[in-house]
Amino acid sequence: VNCKLPECFCKTTKYPTSMNPKDIPQIVYITIDGPINFLTYSKMKTLFKENRQNPNGCRIGATFFANGRGTSYRLANILNNDGIEIGMNGQQTTPYESSEGLQADINQQSDYLRTYAGISEENIQGWRSPQLSEEMNSNINVLRNKTLYDSSLVLKNQTGLNEDKPWPFTLDFLNCERENCSSKTSAGIWEVPIIPMKAQSDESCAYADKCRGPKTTQETVDYLMKNFNSYYERNRAPFGIHISRDWFYWYNNRNFAGLSDFIDKLLQKKDVYIVPVSKLLQWVKNPISLSSVKSFASWSC
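Just so you know, full-length UniProt numbering puts 16 at position 16 of the sequence shown, and the rest follows in order with no gaps.
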């Protein structure tokens with residue numbers, strides 16, 4: 001089929017190249033949804049401080065899908081300058097009924113980030129719908145004009161700890177259960193799917209902070225590590241941790257501390273890189289082996 005990197009990649013659990021999994025850098029990406037305010041800003045500064053670095057000596061990063069409601073664009077600018085990718089998170093609380101409604105929300109979010117946060121248009125690359133979905137929205141084609149990728153699709157049937165996970169893919173040839181869920185007009189749009197976390201109770205949650213428990217810092221570390229290992233010890237697809245601001249509140253301090261401790265454990269590994277979604281996609285589009293990744297220009301600092 002005429003689908004080749006770097007412009008097209010079909011949905012699969014197989015590696016983008018013929019590399020052995022051990023030669024693939026394990027990518028970890030952390031995403032946060034919600035407003036950027038003093039609380040979320042201060043917690044992000046704690047998690048992604050300057051001395052936390054990937055094996056190539058560059059600062060670790062994440063992606064914050066900023067909701068226009070309650071966001072301080074001054075703080076968004078500071079986070080962006082610190083290496084945190086700022087994506088768009090729609091303001092609408094109900095599903096988009098038309099492509100025009102989705103387009104209007106995307107345009108508004110993009111304009112705000114450019115005008116008030118001083119983020120250039122080429123650096124506003126990601127979109128996450130406020131209503132995560134198990135089906136691809138038929139209006140997704142409107143993203144072609146404004147974004148590189150979408151990260152709103154939940155793959156609930158991919159949660160097994162003993163099975164390979166899918167890689168990000170483009171929507172050119174996505175097989176859909178509904179006739180209108182996607183079309184050729186979605187060509188070139190990357191989907192970075194949300195693969196739910198598996199809790200100790202065997203519960204699956206799209207957002208890591210929505211599963212019942214864990215109740216202690218160590219339980220949080222164990223919960224995250226168990227899910228991480230299901231990627232790291234198998235096909236090394238990118239491992240995503242998706243959180244809302246709930247773990248940033250004081251009453252979840254143990255969970256926040258567990259996330260911080262988990263990051264420290266990952267930083268001890270020489271084959272793990274914690275990067276924003278846009279940098280994840282740069283590697284998927286142009287895969288390079290672990291032995292050479294320190295010189296990967298797209299990840300330089």
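Even glycine gets a Cβ: it sits at the ideal position worked out from N, Cα and C.
- A buried status is given to Thr40, since no fewer than 16 other beta-carbon atoms sit within 10 Å of its beta-carbon.
- Around the beta carbon of Pro95, fewer than 16 other beta carbons sit within 10 angstroms, so the residue counts as exposed.
- Each of Tyr273, Ser292, Val293 and Ser278 was checked against the Cα of Asn54, and the nearest Cα belongs to Tyr273.
- Assignment of beta strand (DSSP E) within the stretch 51-95, counting only whole runs of 3 or more residues, yields 63-67 and 85-89 in chain order.
- Within the stretch 198-286, the complete beta strand (DSSP E) segments of 3 residues or longer fall at 239-243 and 272-274, listed in chain order.
- The Cβ atoms of Ser72 and Asn20 do not sit closer than 8 angstroms to each other.
- Boundaries of the alpha helix (DSSP H) around Thr46: Phe38 to Leu47.
- Its Cα nearest to that of Phe9, the residue Pro287 stands out among Pro287, Ala297 and Gly68.
- Close CB contacts of Asp246 within its chain, under the 7 angstroms cut and outside five residues either way in sequence, are with Asp209 and Asn252 (chain order).
- Contact between the stretch 104-116 and the stretch 150-157 is absent: fewer than three C-beta pairs spanning the two stretches fall below 8 angstroms.
- The residues Arg254 and Gly258, in chain order, have a CB closer than 8 angstroms to that of Thr216 in the same chain once the five nearest residues on each side in sequence are set aside.
- Rounded to the nearest angstrom, the gap between the Cα atoms of Asn235 and Leu290 is 14 angstroms.
- In this chain, the beta strand (DSSP E) harbouring Thr31 covers Gln26 to Gly34.
- Remark: three or more beta-carbon pairs, one from each stretch, lie closer than 8 angstroms, so the stretch 17-34 and the stretch 65-85 are flagged as touching.
- Between Gly126 and Leu148, the beta carbon gap of about 7 angstroms places them in contact (Cβ cut-off 8 angstroms).
- Residues of the same chain with a CB within less than 6 angstroms of the CB of Leu161, apart from the 5 flanking positions on each side, are Lys198 and Ser230 in chain order.
- DSSP places Tyr149 within a strand segment (E or B) once states are collapsed to three.
- Burial is judged here by how many other beta carbons sit within 10 angstroms of a residue's own beta carbon; Glu191 has at least 16 and is buried.
- In the structure shown, Val293 falls within a helical segment according to DSSP collapsed to helix, strand and coil.
- Rounded to the nearest angstrom, the gap between the Cα atoms of Arg74 and Gly118 is 9 angstroms.
- Counted as a single uninterrupted DSSP element, the beta strand (DSSP E) harbouring Gly126 occupies residues Gly126 to Arg128.
- A distance below 8 angstroms between beta-carbons, with the five flanking residues on each side excluded, links Gly61 to the following residues of its chain, in chain order: Phe48, Gly83, Ile84, Glu85, Ile274, Val275, Pro276 and Lys279.
- One thing to note: Ser186 has its Cβ no nearer than 8 angstroms to the Cβ of Asp202.
- 8 angstroms or more divides the Cβ of Trp283 from the Cβ of Ala237.
- Glu97 has no beta-bridge partner at all, per DSSP.
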